[in-house]
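If you read the sequences in order, they're chains A and B. Quick note on my numbering: the first sequence kicks off at 11 and runs consecutively. Quick note on my numbering: the second sequence kicks off at 11 and runs consecutively. A virtual CB, placed ideally from N, CA and C, is assigned to each residue, including glycine. These figures come from a predicted structure and were not determined experimentally.
2 protein chains.
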Amino acid sequence: MENRRDTAKAERRSRIIKAARDLIRETGDAGLSMRALAAKAGVSLATPYNLFGSKRAVLVAVLEDIKGFGTRFASFKSQDPLERILRAARLAVSYYEDDPAFYRALWTSILAASASEERSAIFNQKRDSFWMKLLDDAVAEGLLLPDIDTAVLLRNLDYTFRSVMLHWVIAEIEIEDIQPRVGYGYALALRGAATPKGQQLMLKRLKTFQGQCPTHSATRAHRPAAAETTA
Amino acid sequence: MENRRDTAKAERRSRIIKAARDLIRETGDAGLSMRALAAKAGVSLATPYNLFGSKRAVLVAVLEDIKGFGTRFASFKSQDPLERILRAARLAVSYYEDDPAFYRALWTSILAASASEERSAIFNQKRDSFWMKLLDDAVAEGLLLPDIDTAVLLRNLDYTFRSVMLHWVIAEIEIEDIQPRVGYGYALALRGAATPKGQQLMLKRLKTFQGQCPTHSATRAHRPAAAETTA
DNA sequence: CACGTTCTTATAACGTGATATAAATTTGTC
DNA sequence: GACAAATTTATATCACGTTATAAGAACGTG
Chain A
11 MENRRDTAKA ERRSRIIKAA RDLIRETGDA GLSMRALAAK AGVSLATPYN LFGSKRAVLV
71 AVLEDIKGFG TRFASFKSQD PLERILRAAR LAVSYYEDDP AFYRALWTSI LAASASEERS
131 AIFNQKRDSF WMKLLDDAVA EGLLLPDIDT AVLLRNLDYT FRSVMLHWVI AEIEIEDIQP
191 RVGYGYALAL RGAATPKGQQ LMLKRLKTFQ GQCPTHSATR AHRPAAAETT A
Chain B
11 MENRRDTAKA ERRSRIIKAA RDLIRETGDA GLSMRALAAK AGVSLATPYN LFGSKRAVLV
71 AVLEDIKGFG TRFASFKSQD PLERILRAAR LAVSYYEDDP AFYRALWTSI LAASASEERS
131 AIFNQKRDSF WMKLLDDAVA EGLLLPDIDT AVLLRNLDYT FRSVMLHWVI AEIEIEDIQP
191 RVGYGYALAL RGAATPKGQQ LMLKRLKTFQ GQCPTHSATR AHRPAAAETT A
């Protein structure tokens, strides 16, 4: 980490990540080939493989390069802990809502790239401590049952998030459906782990989210119905 | 459906599906190329594309060709409805447990195949009516709240199922982890939608499943630790 | 400065999913 | 039986992810 060699390598790494990000923004996932990526980064085709190992690894690196979740969250320290969890979920969703084309292209490419062998851990555990604190706060304030394991609960919340995201990535639901579906799933799971006091709060939110969740074909009514057809 | 032409076409279709199934069984997802598939099915390379459209479509057809869920479920009509739902989930998991190598290879190939444009609906809604009845029974018996939309709840249960499966397919968890994780997720969501009476039942199951769910690195202790290293 | 190591580069190649083309074959109909 | 429509077939081709190879450049060490 001090060699001039390693800094040059790190510089090449970040140049590749930036090139991938730009390429997705400009051409979508269709134009994101390793040859195009190498050309845009100003390196040889072999270099991304040397530095990352595979196309998928490059894209995962792009994903991990996106930071700032903690800073955005800095506000709303008030309110009850359960509400705070729902807000945090809303915030996480907002990343996708702010740049849907980019994230969909990125995830589409990641899914398309072969799975490889690396026990990828796409969904990082760096954020885990953040979420764990939120859950533990809720336990401390008597809103969640003390005998439920918050780590297991958190993983379950994560499952909901991933599934809704994946559902959107494979283009079966719309971007505006994400928020209520994630909210519903979170509120439902939290109510499942809640004390009577916490259950009351979550039941209200549950009903709100339920009302925003389209049931089957009830949706699709107000859609633009454009930009969907491909040549 | 009456032409001799169409029957021959249907026969070719099922020959391709069978060939894909056998090829996965024999060689795993590695040996499953369209050229190998065509050769094994005794057709030209172009034929699977004519009949299915893409590799992914062939594999989805393989998945849909697997039936018998209803028949297996025929037994246990007794018990309370919530318990019946958990049993049904257990049964669904058992399909994967009975032939893990096959299903992992199949899903790996499906995920690897490019997403295409077809709004794939991989997760079929044919089984929906079956599950809806289970949920509606639980409402009728006063175990689930009457003001929750069972269709939305069912979709949430599905999300849990998919996520755990996907987690296993990408090889981050083991086959024996699937059952408790799905059970936990179902019990948690059902408790989130339950009446006080239903909540008592689900809380018990929740604790049981929670005890079977490994928390992070607490797991891996009793694992064979073999066949994992790849060249 | 010169050596050896390490990495990039350029280039070719492999197997892949997918498409295009024209010939050959099957089928329904008269 | 002969014709016309539909499709399979054989084959060639494309872009892709990935790997291998040899040559070259950059760097740390003596």
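How is residue 164 (chain A) classed by DSSP in three states: helix, strand or coil?
DSSP places residue 164 (chain A) in helix when its eight states are reduced to three.
At the level of alpha carbons, what is the spacing between residue 57 (chain B) and residue 72 (chain B)?
One C-alpha to the other measures close to 16 Å.
Assuming residue 179 (chain A) and residue 103 (chain A) make a contact with CB atoms under 8 Å, what is their CB distance in whole Å?
With 8 Å as the limit, residue 179 (chain A) and residue 103 (chain A) do not qualify as a contact, their Cβ atoms being about 13 Å apart.
Taking only three categories from DSSP, how would you classify residue 40 (chain A)?
Coil.
So what's residue 33 (chain B) in DSSP terms, helix, strand or just coil?
The answer is helix: DSSP assigns residue 33 (chain B) an H, G or I state.
Could you tell me the boundaries of the alpha helix (DSSP H) in which residue 192 (chain B) lies?
Unbroken alpha helix (DSSP H) run through residue 192 (chain B): 185-202.
Determine the extent of the alpha helix (DSSP H) in which residue 77 (chain A) is found, giving its start and end residues.
Run containing residue 77 (chain A): none; DSSP gives neither H nor E here.
At what residues does the alpha helix (DSSP H) containing residue 180 (chain A) begin and finish?
Neither: residue 180 (chain A) is in no alpha helix (DSSP H) and is coded neither H nor E.
Tell me which residues share the same chain as residue 198 (chain A) and place their Cβ nearer than 7 Å to its Cβ, disregarding the 5 neighbours each side in the sequence.
Excluding residues within five positions, the ones whose Cβ falls inside 7 Å are 216.
By the DSSP assignment, the alpha helix (DSSP H) with residue 93 (chain B) in it spans what residues?
91-108 is the span of the alpha helix (DSSP H), which, as asked, contains residue 93 (chain B).
Do you know offhand how far residue 228 (chain A)'s Cα is from residue 219 (chain A)'s?
For residue 228 (chain A), the predicted model reports a pLDDT of 42, less than 50, meaning its position is unreliable; a value from the coordinates is still stated below. In a straight line, the C-alpha of residue 228 (chain A) is about 15 Å away from that of residue 219 (chain A).
Tell me whether residue 216 (chain A) counts as near the ligand GDP, meaning its Cβ is closer than 7 Å to at least one heavy atom of that ligand.
Among the components of this structure there are no ligands whatsoever, and the ligand GDP is therefore not found.
Under 8 Å: do the region 106-119 of chain A and the region 160-170 of chain A share three or more Cβ pairs, one atom per stretch?
These segments do not touch.
What is the DSSP secondary structure of residue 28 (chain B), counted as helix, strand or coil?
Helix.
List the endpoints of the continuous alpha helix (DSSP H) containing residue 56 (chain A).
Where residue 56 (chain A) is concerned, the enclosing alpha helix (DSSP H) stretches over 56-61.
Kindly list, in the order they appear in chain A, the residues whose Cβ is closer than 7 Å to that of residue 173 (chain B).
Residues of chain A passing the Cβ test: 169, 172, 173.
In its own chain, which residues sit with a C-beta less than 7 Å from the C-beta of residue 48 (chain A), not counting the 5 before and 5 after it?
So the list reads 54, 55, 57, 58, once near-sequence residues are dropped.
Using a Cβ-Cβ cutoff of less than 7 Å, which residues in the same chain neighbour residue 44 (chain A) once the five nearest sequence positions on both sides are dropped?
Closer than 7 Å at Cβ, skipping near neighbours: 55, 58, 65.
How many angstroms separate the CA atom of residue 18 (chain A) from the CA atom of residue 24 (chain A)?
The straight-line gap from Cα to Cα measures roughly 10 Å.
Taking just the CA atoms, how far does residue 150 (chain B) sit from residue 7 (chain B)?
An answer regarding residue 7 (chain B) cannot be provided, because it is not within the stretch 11 to 241 covered by chain B.
Using only the alpha-carbon positions, how far apart do residue 173 (chain B) and residue 173 (chain A) sit?
In a straight line, the C-alpha of residue 173 (chain B) is about 6 Å away from that of residue 173 (chain A).
With distances taken between CB atoms, is the gap from residue 211 (chain A) to residue 108 (chain A) smaller than 8 Å?
Not closer than 8 Å, so no.
Take residue 160 (chain A) and list the residues in its own chain whose beta-carbon comes closer than 8 Å to its own, dropping the five residues that flank it on each side.
Excluding sequence neighbours, residue 160 (chain A) sits near 142, 145, 146, 149, 154.
Cα separation between residue 123 (chain B) and residue 122 (chain A)?
Each residue's alpha carbon lies about 6 Å from the other.
Count the other C-beta atoms from every protein chain shown that fall within 10 angstroms of the C-beta of residue 188 (chain B), then say buried if there are 16 or more, exposed otherwise.
Label assigned to residue 188 (chain B): buried.
Between the C-alpha atoms of residue 235 (chain B) and residue 181 (chain B), what's the straight-line distance to the nearest angstrom?
Any reading at residue 235 (chain B) is ruled out, since the residue's pLDDT is 34, under 50, leaving its predicted position unreliable.
Nearest chain A C-beta to residue 237 (chain B) closer than 8 Å, yes or no?
In this predicted model, residue 237 (chain B) has a pLDDT of only 31, less than 50, meaning its place in the structure is not dependable; the value taken from the coordinates is given anyway. For residue 237 (chain B), the answer is no, since every Cβ of chain A falls outside 8 Å of its Cβ.
Using the beta-carbon of each residue, which ones in chain B are nearer than 7 Å to residue 195 (chain A)?
Per Cβ cutoff of 7 Å: 166, 169.
Determine, for residue 9 (chain A), whether the minimum Cβ-Cβ distance to residues of chain B falls below 8 Å.
The structure shown does not extend to residue 9 (chain A), since chain A spans only 11 to 241, so no value can be given for it.
Looking only at C-alpha atoms, which of B:98, B:95, B:76, B:20 sits nearest to residue 60 (chain B)?
The residue with the shortest Cα to Cα distance from residue 60 (chain B) is B:20.
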